[in-house]
Ligand SMILES: Cc1cc2nc3c(=O)[nH]c(=O)nc-3n(C[C@H](O)[C@H](O)[C@H](O)COP(=O)(O)OP(=O)(O)OC[C@H]3O[C@@H](n4cnc5c(N)ncnc54)[C@H](O)[C@@H]3O)c2cc1C
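Chains as they are written, first to last, in the numbering used here: chain C, 37 to 357; chain V, 392 to 651.
Structure representation (structure tokens):
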């Protein structure tokens with residue numbers, strides 16, 4: 037079977053879960069081959085977990101400056117790998133970085149690019165959800181190599197131990213005039229909560245929460261449910277909660293098992309980021325709020341009464357066993 | 392300094408957006424079209440640089456006749472000239488083609504120091520086009536910037552994405568895409584709107600941008616939509632009015648759904 041190249045998302049020491057998901061998806065199309073781009077020694081550190089999740093080959097594209105420049109080393113590495121192994125497809129995670137890498141690679145190879153796939157079938161047909169969840173579209177690459185950016189959370193990671201072959205790919209020096217240098221990095225302070233886009237439970241607060249202090253109610257409920265916290269744009273714009281937690285059209289798209297909207301009216305741009313959630317619960321004191329019509333369980337009521345009671349009750353039931 | 396701003400006209404997200412039955416492309420006839428709001432911020436950033444550092448600002452947009460409205464809006468905000476890429480063969484163009492065409496239009500502007508774009512448009516949301524344009528032009532990509540400084544031949548940006556924050560640095564010329572957090576765009580003044588009518592807008596087609604293309608070199612699409620189905624509306628759910636026990640009743644529901 038031909039290789040299917042998977043770009044490995046990692047922090048130097050650990051492989052991100054989204055990569056294991058891609059390895060699962062890649063198996064439908066061919067032999068998953070992991071491409072590790074990093075400083076020397078990275079691939080050796082990551083090889084075992086990659087092989088455990090089914091990577092039949094691990095390609096190491098390493099150089100001392102691989103971490104120093106934005107995206108270019110990954111694009112170069114994939115381009116070289118494609119030319120050397122003629123894969124059946126290239127899969128990357130549809131993160132901000134991944135989508136840019138996929139796009140640049142596709143342009144260099146004159147390949148067919150599919151972004152934000154939520155599923156891929158053995159014939160290479162990808163499923164995408166567009167317009168904030170109002171359409172499901174199935175698309176196929178008709179010219180060139182398929183380069184597919186897959187949304188994190190679309191496949192279940194599977195353990196599938198194999199013996200991985202290893203190979204070095206020589207990365208060219210990064211062109212200084214054509215690449216941006218990363219001079220500082222700050223990790224987003226996620227705290228102990230799960231990452232918003234991959235969380236199975238998301239509790240979001242809107243302008244109805246009334247202030248930064250009010251968000252404690254949202255956080256407390258999220259914490260009892262082991263969920264992530266989200267916010268509407270109105271809440272973000274009012275300074276109640278940081279921007280990176282915005283859910284919606286111009287924020288993040290989430291698709292958890294359970295989405296709880298507290299004090300959110302349900303503007304179409306907010307719905308665009310959450311209406312593919314499996315179960316939606318909304319608490320709003322205005323019986324006319326549009327989000328109540330979309331919810332599987334709608335509560336007309338004051339969030340400051342309902343959310344804390346819900347949090348207490350969940351905790352109590354848990355304790356009772 | 393010459394700055395090029397890439398803008399796109401998109402359907403207003405406040406209205407319903409539909410795909411045409413015939414070819415699964417966006418049904419523009421039934422959509423309310425507006426200048427994409429993040430692109431507007433890219434334009435604002437260009438105009439701020441024009442005021443602080445001196446620059447000639449060219450606004451570029453690809454799209455049907457109506458896209459001229461988006462260009463005029465940026466001219467009314469204060470940009471100097473426009474390039475409207477309009478060609479029927481670009482209907483349904485994919486990301487790569489779109490980026491190739493935009494890059495070709497940027498190449499027609501002399502001595503470009505900075506290409507500015509929005510980090511994503513509200514219709515496609517792939518947020519890959521700016522990076523592709525940068526690659527095609529051989530420019531460093533400083534994408535998803537919430538802060539931008541241009542000074543002494545270099546550009547610095549504070550990048551904010553799901554992977555955290557980073558400071559980026561590159562020599563000019565460069566491409567920068569901005570997030571919606573970067574600024575508050577200005578409103579065109581009445582004077583600006585009047586002045587915009589007299590500003591030059593060049594309309595170009597594929598043959599102008601790719602005079603040597605043999606037709607095969609510029610496939611307008613590399614992907615094909617096999618099927619597009621509207622997602623079923625969500626069924627009517629349970630509705631309760633809180634009488635002091637809604638939180639407790641909600642737990643029963645969540646347990647029944649195996650959600651807690
Ligand atoms: C191009 C564009 C992009 C956008 N992108 C996004 C986006 O990504 N994400 C997003 O969220 N929005 C986005 N918006 C904004 C969107 O249109 C709405 O303005 C926003 O979602 C409203 O947020 P909200 O529901 O929190 O606030 P509001 O609409 O003000 O609603 C607050 C709600 O809280 C309720 N409430 C108040 N007090 C209580 C209480 N004590 N208990 C219970 N309920 C209470 C009120 O009844 C009301 O329904 C975008 C807009 C545009 C034009």
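C-beta atoms are modelled at their ideal positions from N, C-alpha and C, and glycine is treated no differently.
Query: With burial defined as no fewer than 16 other Cβ atoms inside 10 Å of the residue's Cβ, what is the status of residue 199(C): buried or exposed?; Result: exposed
Query: I want to verify the contact list: residues of chain C whose CB lies under 7 Å from the CB of residue 523(V), in sequence order.; Result: 139, 140 and 143
Query: Quick check on residue 574(V) - is its C-beta less than 8 Å from some C-beta in chain C?; Result: no
Query: In chain C, what lies closer than 7 Å to residue 648(V) by C-beta?; Result: 315
Query: Less than 7 Å between the CB of residue 518(V) and some heavy atom of ligand 1, yes or no?; Result: no
Query: Out of 579(V), 496(V), 627(V) and 553(V), state which residue places its alpha-carbon closest to the alpha-carbon of residue 230(C).; Result: 553(V)
Query: Given residue 235(C), which residues of its chain have a CB within under 6 Å of its CB, disregarding the five upstream and five downstream residues?; Result: 263, 264 and 292
Query: State buried or exposed for residue 684(V), treating a residue as buried only when at least 16 other CB atoms are found within 10 Å of its CB.; Result: No answer is possible for residue 684(V): it lies beyond the span of chain V, which begins at 392 and ends at 651.
Query: Classify residue 457(V) as helix, strand or coil using the three-state DSSP reduction.; Result: coil
Query: If I'm right that residue 613(V) touches residue 179(C) with Cβ under 8 Å, what's the distance once you round it to whole angstroms?; Result: 4 Å
Query: Would you mind stating whether residue 316(C) and residue 339(C) have Cβ atoms separated by less than 8 Å?; Result: no
Query: Could you check whether the Cβ of residue 636(V) sits closer than 7 Å to any heavy atom belonging to ligand 1?; Result: no
Query: Per DSSP, what are the beta-bridge partners of residue 210(C) in this structure?; Result: Residue 210(C) pairs with nothing; no bridge assigned.
Query: Whose C-beta lies closer than 7 Å to the C-beta of residue 82(C) among residues of the same chain, with five residues either side of it excluded?; Result: 44, 46, 51 and 72
Query: Near residue 312(C), which residues of its chain fall below 7 Å by C-beta distance, leaving aside the five closest residues on each side in sequence?; Result: 165, 169 and 291
Query: Please list, in chain order, the chain V residues whose beta carbon lies closer than 7 Å to that of residue 135(C).; Result: 517, 518 and 519
Query: Rank 70(C), 131(C) and 298(C) by C-alpha distance to the C-alpha of residue 201(C) and give the top, closest one.; Result: 70(C)
Query: Return the chain-ordered ranges of every beta strand (DSSP E) run that is complete within the region 154 to 221 of chain C and spans a minimum of 3 residues.; Result: 162 to 166, 171 to 177, 182 to 186 and 201 to 205
Query: Determine the direct distance from the alpha carbon of residue 268(C) to that of residue 275(C), and round the result to whole angstroms.; Result: 11 Å
Query: Less than 8 Å separating the beta-carbons of residue 392(V) and residue 508(V)?; Result: no
Query: Give, in chain order, every residue of the region 332 to 348 of chain C whose Cβ lies closer than 9 Å to some Cβ of chain V.; Result: 332, 333, 334, 335, 336, 337, 338, 341, 342, 343, 344, 345, 346, 347 and 348
Query: Hey, would you say the C-beta of residue 445(V) is under 7 Å away from at least one heavy atom of ligand 1?; Result: no
Query: Enumerate in chain order the residues of its own chain whose CB-to-CB distance from residue 305(C) is below 6 Å, with the five nearest sequence positions on each side excluded.; Result: 284 and 285
Query: Count the C-beta pairs between the region 190 to 197 of chain C and the region 238 to 257 of chain C that are closer than 8 Å, then say yes if the count reaches three, no if not.; Result: no
Query: Take the Cβ of residue 457(V) as the centre, count every other Cβ of all protein chains shown within 10 Å, and call the residue buried at 16 or more, exposed below.; Result: exposed
Query: To the nearest angstrom, how far is the alpha carbon of residue 114(C) from that of residue 142(C)?; Result: 10 Å
Query: Runs of 4 residues minimum, wholly inside the region 288 to 335 of chain C: which ones carry the alpha helix (DSSP H) assignment?; Result: 304 to 307 and 326 to 330
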